[in-house]
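Residue numbers (the working numbering), protein chains in the order written: chain A, 730 to 1047; chain B, 263 to 541. As structure tokens, the structure follows; a few thoughts come after it.
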Amino acid sequence: MMEDASASAVAQLDDVGVRYGTQWALRDVTVAFPRGAVGLLGPNGAGKSTLIKALLGLISPDRGRMRVFGYDVAEKAIEIRTRIGYMPEIDAYIPGTNAVTFVAYCAQLCGLPQTEAMQRAHEVLHYTGLGEARYRNVETYSTGMKQRIKLAQALVHDPELLFLDEPTNGMDPKGRDEMLDLIRDLAHSRGLSLILSSHLLPDVEYACDHVVVIDRGKIATEGSIGELKGPGGRVYELRVKGQEGAFVTALREMGMECHDADDDVMRVFVPDALSCRDLFAIAVHQGVQVRHLRPSVPTLEDVFARAIGVENRETSRD
Amino acid sequence: MPIHSDGYRPYLGRRHTHERAWLVITAAGVRAVFLNRRLLGLLLVAWVPFVVRAVQIYAATNFPQAPFLQISPNMFHDFLRQQDLFVFFITVWVGSGLIANDLRSNALQVYFSKPVTRAAYVGGKLGILACFLLLVTWLPAMLLLVVQAALAGDLRFLAANTFVIPAITIASLVPVLMSSLTILALSSFSKSARFVAITYAGLVFFSEAVFNVVRATTRRTTMSWLSPSATMNQIGDAVFRVRPSFETPIAVSLAAMAVLIAVSLLVLAKRVRAVEVVA
């Protein structure tokens, strides 16, 4: 199965480590990104951007090997870059240009002739929703418009694989929905593979089919979202009154994972081997009152919380 | 039924190889700089010496009995020396922001996510500045040769002074390479074009001042290698086969030029990267 995964993988990392001074940003990372829409999830500082930049060849790893489209990143970076598009997290543009000029210039840098580059720039700017504003200087754009231009310059040369680093950063709700619709359309209707790096779980859940969770430079878990959300067990929303810290510790010792949701509501994952009766038994034993209990639908947030653990937050509840 | 979809379409057209990336960068940069009217004004003023020299050639051709008007290889050498001032101003104006502005707007991440090597990026930026510098040095000097031949109606001057063509080329390329690479290296250190311009000007004037102090103190000119401007002039004197301005051996001047170019290239190799890593 591992060999099948590698064969169909669009990008692969083998025991990759990246260090900034004495700090390891990525450590022992071995993962294969399959074709299609893959979410790269992790909290801020987990190593998502570092992983993407390493795959792009912008950062050299201190150890390990990486392959994109079967090419070794260390040896064939230029060949890889003709087939990929990158939407950076930070604002990045050529100063003194308007959107059309900028995107056409990016197309030319990828080898498109001048006339085709200009034609293609107009097409992708129309697709990403930039109308007449495309003739204004990029430096005057709002955050949402800059995000659209960044996507346009990543798409203009028709790449096979897109790297999207926090694509909905700073966008208003309507703009965010439009951006996610575009990403979903690219992956599911246009056949592009993409790796969407985000700390926003709803974005990844909406646009992607497969997820890789990274935490503190290591892969915490990976798999299809459907499989990860539906392991044997159920999820409950729970609110208690009493010594919550000890109660949560006892739940964990029984094999039930829990994490905070809203305010004082917890989400508890109860494996198949247990039931909510066991949950009540623990509450009685710990002397807490169960004020609210309701079955819930597993979400990506549960997957994420199980993968990275919530010890730090539970410690703070004590 | 729509004729074509408004959505995203695959691109099925031609693609050039990535070796042309530097040319794309140069062409786009030259087009952008030409939009600046003040710079166009400076370029026009830089061609005034050409007009003056063309008139001198006309006068020399039509009044051969006036020996002080006669054309010699030295005229081309003097012409290129006169253009040094315009070389300085164009280097500062065009060159200071070439990399600094890209650093300020994080454009390097865009460049290096495309099939663009660091060498192509630096080569492209160098090409932008070289275009404008050669426009006020090599091109007018070569055109003066053409004017001379056209007005004289023969190629006797050129046949008698064949070294003038390579001399003009070398004497133009030396300041282009030295000035361009130096300011590109400085530009890679800062996000402010203004700061780069001031630093470059400061370096040029400071080195010249140091050389002049040493010259006044020792009453000798063997240390002209301290000043890039003096080094360029010394090399120009050598290629035009005129008496050198300074006592510095030509090998020392060439070595000084090589060291400056090498240091600039090393700085660019270190500083020009997509991601700035702070350890």
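Here a beta-carbon is modelled for each residue, glycine too, at the ideal position from N, C-alpha and C. Being a predicted model, the structure only gives us computed values, none of them experimental.
- Rounded to whole angstroms, the separation of the alpha carbons of leucine 395 of chain B and lysine 376 of chain B is 29 Å.
- Using a CB distance cut-off of 8 Å, serine 375 of chain B counts as an interface residue toward chain A.
- By DSSP's assignment, threonine 950 of chain A forms a beta bridge with A/Val942.
- Taking 8 Å as the threshold, the shortest C-beta distance from alanine 740 of chain A to chain B does not fall below it.
- Pairing arginine 764 of chain A with isoleucine 912 of chain A, the inter-Cα distance amounts to about 15 Å.
- A straight line joining the alpha-carbon of alanine 883 of chain A with that of glycine 814 of chain A spans about 4 Å.
- A contact is defined here as three or more CB-CB pairs under 8 Å, and the stretch 781–801 of chain A fails this definition with respect to the stretch 327–343 of chain B.
- Annotation: the continuous alpha helix (DSSP H) that includes phenylalanine 419 of chain B extends over 418–422.
- With 16 or more neighbouring CB atoms inside 10 Å of its own CB, glutamine 410 of chain B falls in the buried class.
- Taking methionine 874 of chain A as reference, the option from A/Pro888, A/Gly858, A/Glu889, A/Asp887 with the minimal CA-CA separation is A/Gly858.
- Note that the C-beta distance between leucine 957 of chain A and leucine 1022 of chain A is not below 8 Å.
- Interface residue (Cβ-Cβ distance to chain B less than 8 Å): arginine 810 of chain A is classified as such.
- Of B/Val514, B/Gly386, B/Val466, B/Gly464, the smallest CA-CA separation from alanine 289 of chain B is found for B/Gly386.
- Neighbours of tyrosine 834 of chain A across chain B, judged by C-beta separation under 7 Å: Ala290.
- Between leucine 929 of chain A and glutamate 1030 of chain A, the CB-CB gap reaches or exceeds 8 Å.
- Nearest C-alpha to glycine 359 of chain B among B/Phe419, B/Ile333, B/Tyr462: B/Tyr462.
- Every alpha helix (DSSP H) of 4 residues or more that sits fully in the stretch 822–888 of chain A is shown, in chain order, as 828–838, 843–856, 872–884.
- Residue state for serine 1025 of chain A is assigned as strand, using DSSP reduced to three classes.
- Shown here for alanine 308 of chain B: same chain residues with a beta carbon closer than 6 Å to its own, the five before and five after excluded, namely Phe348, Val398 in chain order.
- Taking 8 Å as the cut-off, the beta carbon of leucine 923 of chain A is found closer than this to the beta carbon of leucine 891 of chain A.
- Take the alpha-carbon of arginine 276 of chain B and the one of threonine 844 of chain A: they are about 11 Å apart.
- Every alpha helix (DSSP H) of 4 residues or more that sits fully in the stretch 470–521 of chain B is shown, in chain order, as 490–501.
- The shortest C-alpha to C-alpha distance from phenylalanine 325 of chain B to any of B/Ala414, B/Val458, B/Gly303, B/Leu405 is the one to B/Ala414.
- Excluding the 5 residues flanking it on each side, serine 450 of chain B has same chain C-beta neighbours closer than 7 Å at Ile361, Val529, Leu530, Arg533, Val534, in chain order.
- Collapsing the DSSP output to three states places glutamate 895 of chain A in coil.
- Glycine 746 of chain A sits close to glycine 793 of chain A, with the two beta carbons spaced by under 8 Å.
- For the 8 Å CB-CB criterion, proline 888 of chain A and asparagine 363 of chain B do not form a contact.
- Fully contained in the stretch 968–995 of chain A are the following beta strand (DSSP E) runs of length 3 or more, in chain order: 986–989.
- Membership of serine 434 of chain B in the alpha helix (DSSP H) is indicated by the continuous run 426–449.
- In this structure glutamate 804 of chain A is exposed. Its beta-carbon is surrounded by fewer than 16 other beta-carbon atoms within 10 angstroms.
- Annotation for valine 760 of chain A: the continuous beta strand (DSSP E) segment containing it runs 752–763.
- Interface residue (Cβ-Cβ distance to chain B less than 8 Å): tyrosine 856 of chain A is classified as such.
- Spatial neighbours of tyrosine 320 of chain B in its own chain (CB-CB distance under 7 Å, excluding positions within 5 residues in sequence) are listed in chain order as Leu413.
- Looking at B/Leu301, B/Val384, B/Phe312, B/Pro437, the one whose alpha-carbon comes closest to that of leucine 407 of chain B is B/Phe312.
- The DSSP-derived three-state label of valine 537 of chain B is coil.
- In the three-state scheme derived from DSSP, where H, G and I count as helix and E and B as strand, serine 526 of chain B is classed as helix.
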